[in-house]
Amino acid sequence: MSIQISAPVDQVWEKLSDLATHSEWMSDATTILFDGDQRRGVGVAMTVPTRVGPLRIVDTMEVDEWVEKERIGVKHTGRIGGWGRFELFGDQHGSILVRKEQLHFPWYMGGPVIEWFARPILRRIFRANLVSFGRWVESGLEPGG
């Protein structure tokens, strides 16, 4: 999924690459807890308490891809595995931010059956998060402001 943001790539990247603020615009991320001092680049490890409705899970992930002003990729290393990626492109109207996510639920959580049911719910949440991020960038305010 993608959104158009009326801001230049440099401005969008400045906000997107500040991983500590992601819980401010991601409704499902309660907070971001870093495992160590690193906050940017490949190797950043994070623990993210996550909630989707009444469900709670601790998502662990590691940044495995970081291309300045272009892309941030993570691999999910906890109970729910998979990968996620933000890709950033400039265009005549500002920027396009793309989010790609592939999650895999373990068999004891229902595996592919739960994935099938979760897909539209997570898609709605991820889309709303992108819209929230875009509004935040375009407002020029601090997260939550």
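In this note's numbering, the protein residues as written are 179 to 323. Note that beta-carbon positions come from the ideal geometry of N, C-alpha and C, so glycine has one too. None of the values given here were measured: they were computed from a predicted structure.
Looking at residue j and residue i, is the spacing between their C-beta atoms short of 8 angstroms?
{"i": "Val226", "j": "Glu240", "result": "no"}
{"i": "Leu281", "j": "Ser273", "result": "no"}
{"i": "Thr228", "j": "Asp215", "result": "no"}
{"i": "Gln189", "j": "His271", "result": "no"}
{"i": "Gly219", "j": "Trp244", "result": "yes"}
{"i": "Ile303", "j": "Val222", "result": "no"}
Contact defined as beta carbons within less than 8 angstroms: I believe residue i pairs with residue j. What is the distance between those atoms, to the nearest angstrom?
{"i": "Met179", "j": "Arg277", "result": "6 angstroms"}
Would you report the Cα separation of residue i and residue j, rounded to the nearest angstrom?
{"i": "Lys247", "j": "Ser310", "result": "20 angstroms"}
{"i": "Gly288", "j": "Trp294", "result": "10 angstroms"}
{"i": "His254", "j": "Phe283", "result": "11 angstroms"}
{"i": "Ala306", "j": "Ser195", "result": "19 angstroms"}
{"i": "Leu233", "j": "Gly260", "result": "19 angstroms"}
{"i": "Tyr286", "j": "Ser184", "result": "43 angstroms"}
By the DSSP assignment, the beta strand (DSSP E) with residue i in it spans what residues?
{"i": "Pro227", "result": "Ala223 to Val230"}
{"i": "His282", "result": "Gly272 to His282"}
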